[in-house]
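Structure, as structure tokens:
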Amino acid sequence: MRVIVWLVEGTWPACVDAVRTHARDASEVTLLHVTEPGTAGLAHGAFAGLLGRAGSEPDPERRLVELGGTSAAELLDAAGARLGRPCTRLERTGRVEREVVAAAEGAGLLIVARDGDRSRLGPHSLGRAARFVVDHAPCPVLLVWPEGAPELTTMPPPPPHHR
Amino acid sequence: MLAWAVIRPRGWPEAALAVPAALVVIATGAISLDHARAEAEQLGPVVGFLAAVLVLAHFCDVEGLFQACGAWMARWSAGRPVRLLTAVFALASVITAVLSLDATVVLLTPVVFATAARSGVRAKPHVYACTHLSNTASLLLPVSNLTNLLAFAASGLGFTRFAALMVLPWLVAIGAEYLVFRRFFARDLSSAAPGSKDTGEPPRLPLFALVTVGCTLAGFVLTSAVGVDPAWAACAGALVLAGRALARRQATALTVVKAAAPAFLAFVLALGIVVRAVVDNGLADALGHVLPSGTGLPALLGIAALAAVLANLINNLPAVLVLLPLATADGPGAVLAVLLGVNIGPNLTYAGSLATLLWRRIVHQHDHGVDIGEFTRLGLLAVPVALGGAVVALWGSLQVIGI
Chain A
21 MRVIVWLVEG
31 TWPACVDAVR
41 THARDASEVT
51 LLHVTEPGTA
61 GLAHGAFAGL
71 LGRAGSEPDP
81 ERRLVELGGT
91 SAAELLDAAG
101 ARLGRPCTRL
111 ERTGRVEREV
121 VAAAEGAGLL
131 IVARDGDRSR
141 LGPHSLGRAA
151 RFVVDHAPCP
161 VLLVWPEGAP
171 ELTTMPPPPP
181 HHR
Chain B
-12 MLAWAVIRPR
-2 GWPEAALAVP
8 AALVVIATGA
18 ISLDHARAEA
28 EQLGPVVGFL
38 AAVLVLAHFC
48 DVEGLFQACG
58 AWMARWSAGR
68 PVRLLTAVFA
78 LASVITAVLS
88 LDATVVLLTP
98 VVFATAARSG
108 VRAKPHVYAC
118 THLSNTASLL
128 LPVSNLTNLL
138 AFAASGLGFT
148 RFAALMVLPW
158 LVAIGAEYLV
168 FRRFFARDLS
178 SAAPGSKDTG
188 EPPRLPLFAL
198 VTVGCTLAGF
208 VLTSAVGVDP
218 AWAACAGALV
228 LAGRALARRQ
238 ATALTVVKAA
248 APAFLAFVLA
258 LGIVVRAVVD
268 NGLADALGHV
278 LPSGTGLPAL
288 LGIAALAAVL
298 ANLINNLPAV
308 LVLLPLATAD
318 GPGAVLAVLL
328 GVNIGPNLTY
338 AGSLATLLWR
348 RIVHQHDHGV
358 DIGEFTRLGL
368 LAVPVALGGA
378 VVALWGSLQV
388 IGI
């Protein structure tokens, strides 16, 4: 079974740990990180708004792209070390949710961390990107709580007319 | 000419057209020689002031000030996104105010991005904070933004009085942005990085740069108290830092000149003359009807809103040049209201203005991958709150301090 592990800053350790606890018999593990180009584009926009500086000062976008590449590589390094078994690394750039769905094609399992409000059980525990991935994944999905699941008491009460 | 500055065919600097355009408007008599000379005389010290601040920021970077900022932020936040956001807000606000918005956009933003990435925190809210604060936090001092330098020269206010009137609007606008950011990015900020306790090397304190900047700030207060142009204080600070870099062979005379961005300075001078020609030839009358007069709260709100709209249409630099001659007639209160509008307003549009956005999109098909919808939603929340709050604060300051 080929397992794809989608790693995001802040929540990735839970996904790596999930491979060890839930997918021990994986034949192949792929660690995936997707860089959003938009963050560097924000810096470009701020610079473009400064009229008259082009050529006189450096556009910060290029520096951010370089730094982004380095930090993605470092994250994959750290994840590989935590996993402690041979794995493939996959670095992509683009719209995060779509890149993840595309990368999961033909996989036996996709491991995803919840990226929303993790203080209570419920639909808000999925953010926009994870929601899209769960809805569109072309394979089975393992959805993990990065900091452990909240108490059952955080579940909202049923609507009144169902009582 | 504005279209050229925005499109920049073949990547030529904006000055390559602005300077000939200024010569043409003088040669054709679109602006009288007296008006052109008056404009150049008024802009000359502004351009010198600007050059000094650019050199000061550049050599603060050479001294390692921005690297140290990254290390401080990483240590103080220790991988907690909300604390990092607070640190970014504090440092970006101070750096924008003291070393100008250019320093935040060009020098601080990459450091913030690297700090977030190294701490395992999602960088987006923090980079957004840099872009927003480079505008919003540029209200405090005349040196914070070129728009302020232009208004400062026109308003007749002293350096200290300018800062005293703007400190409350500055704090209110930053506070409003902070609250909007905490809500808007609540989910991104909830992802702490477990296990990431890499706070990096303890920072080396760039004492020389800090002391020089501190003395420069004291110099601003002192020079304006004795009636000397505060640009001399900036000039002295820039010379001290540049001189030290030269003596230590960290810089050559050429890098000092390049740090002062001569093409940009020429552009500012030329843009000023061209805009004066346009204003002289009818725009003043047209806008004079729209611009509210007076310094009551409704008038200030109207002036700031109009300035914000104009800045979003054509970029805030030409907007402030157009509005200043009109607002000056109503006194410093109206001039400062214009500044609130043109400085906070650009957060509404990606790349600062619709003109830039549209032309860059059409001419360069290169997509920077920015979610324009998200950018605009954040702007629609942050700009009205920050601008409204800042105008009320300015009105309050004008009542208490007086002009």
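Those sequence lines, one after another, are chains A and B. Here the working numbering is used: the first residue of the first sequence is 21, the next is one more, and so on. Here the working numbering is used: the first residue of the second sequence is -12, the next is one more, and so on. All C-beta atoms in this analysis are idealised placements derived from N, C-alpha and C, irrespective of residue type, glycine included. Please read these numbers as outputs of a predicted model, since none were measured by experiment.
{"Query": "Against chain A: residues of the stretch 327 to 344 of chain B by CB proximity under 9 Å", "Result": "PRO333, THR336, TYR337, ALA338, GLY339, SER340, THR343 and LEU344"}
{"Query": "Classification of A/HIS181 by the beta-carbon crowding that lies within 10 angstroms, buried from 16 upward", "Result": "exposed"}
{"Query": "Straight-line gap, A/PRO4 to A/ALA34 (C-alpha atoms, nearest Å)", "Result": "There is simply no residue 4 of chain A to check, as chain A begins at 21 and stops at 183 in what is shown."}
{"Query": "B/ALA116 at chain A interface by Cβ criterion, 8 Å", "Result": "no"}
{"Query": "Beta carbon of B/VAL114 nearer than 8 Å to that of B/VAL93", "Result": "no"}
{"Query": "Rounded C-alpha distance that separates B/PHE53 from A/GLU86", "Result": "18 Å"}
{"Query": "Residues bridged to B/VAL261 [DSSP beta-bridge criterion]", "Result": "The partner list for B/VAL261 (beta bridge, DSSP) is empty, contrary to what the question assumes."}
{"Query": "For B/THR315 and B/SER211, believed in contact at Cβ under 8 Å, the rounded distance", "Result": "Incorrect: roughly 19 Å between the Cβ atoms, too far for contact."}
{"Query": "Which residues DSSP lists as bridging A/GLU77, in chain order", "Result": "A/ALA74"}
{"Query": "Nearest to B/THR242 (by Cα), restricted to the options B/THR73, B/PHE46, B/PHE36 and B/LEU30", "Result": "B/PHE46"}
{"Query": "Per-residue DSSP class, three states only, for A/ARG112", "Result": "strand"}
{"Query": "Contact belief for A/HIS6 with A/ASP79 at Cβ below 8 Å, rounded distance in angstroms", "Result": "Residue 6 of chain A lies beyond the residue range present for chain A, which begins at 21 and ends at 183; the question has no answer from this structure."}
{"Query": "Integer Cβ distance of B/ALA232 from B/ALA238, believed to fall under 8 Å", "Result": "4 Å"}
{"Query": "Strand pairing of A/VAL132, partner residues [DSSP]", "Result": "A/LEU163"}
{"Query": "Members of the stretch 51 to 78 of chain B that neighbour chain A once the beta carbon cut-off is set at 8 Å", "Result": "PRO68"}
{"Query": "CB contact below 8 Å: A/ALA63 versus chain B", "Result": "yes"}
{"Query": "Chain-ordered chain B contacts of A/THR59 [CB-CB under 8 Å]", "Result": "PHE100, ALA110, LYS111 and VAL114"}
{"Query": "Local conformation of B/GLY182 per DSSP, three classes", "Result": "Annotation note: pLDDT 49 at B/GLY182 (below 50); position unreliable, coordinate value reported separately. Note: B/GLY182 maps to coil in three-state DSSP."}
{"Query": "Interface flag, B/VAL81 vs chain A, CB-CB below 8 Å", "Result": "no"}
{"Query": "Under the three-state DSSP convention, the category A/ARG22 falls into", "Result": "strand"}
{"Query": "Chain A within 8 Å of B/VAL357, Cβ atoms only", "Result": "yes"}
{"Query": "Opposing strand residues paired with A/LEU96 [DSSP bridges]", "Result": "Paired residue(s): none; A/LEU96 is not in a bridge."}
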